[in-house]
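See the structure below:
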């Protein structure tokens, strides 16, 4: 039985399948992200005056604050699992294109983030009596924003996990780089909720798409150097 | 099988390996011995393509590192003191995952064969987090030889094992070596190294300070050779 380098797609799928199976058993990552997200939206719910105008203006900000911090928790945990028991070395020893490791981890992280969003959005709608967040346009922006955030977050978490201060280092590295995607996401989703004209939403939407493409391409190119000693 | 010439490895201003030369013939079992901080793990990580050499040439199974690292990785199995296993997956799921990562076709019979070899057939459906350290290390060896590598690197495989687990690991190591594989093992356990290996290299201050084959020990033993090598 001789090994042969599996295709990028097969290796990516194997990593995603492994991550989902492990998380399905432990639920460590999802439960941490969910508990944190629910606490944040509950606290905002108590703290804010929820008249109709305030609701319109704060929804995008509250949701993206929640998802950004919950996402950071998930990114840290997801890479720490690989590092703490040497499994990252196990992945690096496989005869696969190392971009497969990036794509596999990024897709798993995105899946965890989307699961959290799928639970938090209905909860937010109930607590804040806000149904405009179910609009397909809003959900589309949520997806684009999450892709960009996770792409750059997966790359940076692979760097920060190699340090002792990884829990602190990841947010310090990630937030300045993720500012464009967070700003564009808040602008675009806020515009959709307030019913702004499409032309107004188009600029942040374009920025989101460009950010996603650029950061996926950069991560694809540099991941090999990031994970190598 | 392994050819290393004038290998230098630096981390910043600190030089770990200082022009190291190392050669291993196919089928040899080399025990790489040396004090803490001698550079054994760094050297093994370079052979495993996990770290880039600063200078010098490294060839494993005829392929150069770091340029042909994917070809080297396909022919290499690595066991370190960490198990490189996922605790929330079962023993079988871990091997299944690595079989996919190594592109093995029709791997189920091979997984069963490996689980039988390491004596974990009955525990194949158990989560790795429920395994003892010794069982995890046996599974780690199973993971490393799953793709039938030509070269196997062991980095301190006995770390944290009790007497029974170490004896069981001896058997597994013997069966790995018995298949004609080339093995390089670092260890501080001289008695075990003497029992298993066919050649002994002493790594000290970033170079191979001495090398001897098993048959070279007539009146002396490995401990005397080790002490003399470090003193000189």
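Protein chains in written order, with this note's numbering: chain P, 1 to 229; chain Z, 1 to 232.
Cβ atoms here follow ideal geometry from the backbone N, Cα and C, with glycine treated the same way.
| Item | Value |
| --- | --- |
| Coil, strand or helix - residue 23/Z by DSSP | strand |
| Spatially closest choice to residue 147/P from 37/P, 103/P and 158/P, by CA coordinates | 103/P |
| Cutoff 8 Å: residue 74/P Cβ touching any chain Z Cβ | no |
| Per DSSP, cross-strand counterpart(s) of residue 185/Z | 31/Z and 154/Z |
| Spatial neighbours of residue 81/Z in its chain, beta-carbon cut-off 8 Å, leaving aside the 5 residues before and after | 155, 156, 157, 159 and 160 |
| Status (buried if at least 16 other CB within 10 Å, exposed otherwise) for residue 76/P | buried |
| First and last residue of the uninterrupted beta strand (DSSP E) at residue 10/Z | 2-11 |
| Contact with chain P by residue 237/Z, beta-carbon distance below 8 Å | Any answer about residue 237/Z is impossible in this case: the structure gives chain Z only from 1 up to 232. |
| Reference residue 118/P, options 99/P, 14/P and 138/P, closest by Cα | 138/P |
| Own chain residues within Cβ distance below 7 Å of residue 88/Z, not counting five before or after | 127 and 129 |
| Residue 55/Z in three-state terms, based on DSSP | strand |
| Sequence ranges, alpha helix (DSSP H) only - wholly within the stretch 41-86 of chain P, length at least 4 | 52-84 |
| Alpha helix (DSSP H) runs contained entirely in the stretch 145-226 of chain P, provided each spans 4 or more residues | 166-194 |
| Run of the beta strand (DSSP E) containing residue 203/Z, from where it starts to where it stops | 199-204 |
| Residues that residue 89/P contacts on chain Z, provided the C-beta gap is smaller than 9 Å | 45, 48, 50, 78, 80, 82 and 84 |
| Identity of the residue in 30/P, 127/P and 135/P nearest residue 73/P by Cα | 30/P |
| Interface positions of the stretch 145-167 of chain P facing chain Z (Cβ-Cβ less than 8 Å), listed along the chain | none |
| Chain P within 8 Å of residue 103/Z, Cβ atoms only | yes |
| 6 Å Cβ shell around residue 181/Z - same chain, five flanking residues per side excluded | 152 |
| Any 3 or more C-beta pairs closer than 8 Å across the stretch 4-20 of chain Z and the stretch 36-49 of chain Z | yes |
| Distance, residue 214/Z Cα to residue 192/Z Cα | 13 Å |
| Delimiting residues of the alpha helix (DSSP H) encompassing residue 207/Z | Note, residue 207/Z: premise wrong, no alpha helix (DSSP H); beta strand (DSSP E) at 207-213. |
| Residue 110/Z beta carbon less than 8 Å from that of residue 146/Z | yes |
| Beta strand (DSSP E) segment containing residue 76/Z, residue limits | 76-79 |
| Residue 179/P, buried or exposed, once every other Cβ within 10 Å from all chains shown has been counted against 16 | exposed |
| Extent of the continuous alpha helix (DSSP H) to which residue 229/Z belongs | 222-231 |
| Chain P residues whose Cβ lies nearer than 7 Å to that of residue 22/Z | Within 7 Å Cβ-Cβ: nothing; residue 22/Z doesn't reach chain P, min ~19 Å. |
| Beta bridge counterpart(s) of residue 90/Z as assigned by DSSP | 127/Z |
| Three-state secondary structure assigned by DSSP to residue 95/Z | helix |
| Per-residue DSSP class, three states only, for residue 218/Z | coil |
| Cutoff 8 Å: residue 228/P Cβ touching any chain Z Cβ | yes |
| Neighbour flag for residue 100/Z against chain P, beta carbons, 8 Å | yes |
| Exposed unless 16 or more other CB atoms sit within 10 angstroms - verdict on residue 55/Z | exposed |
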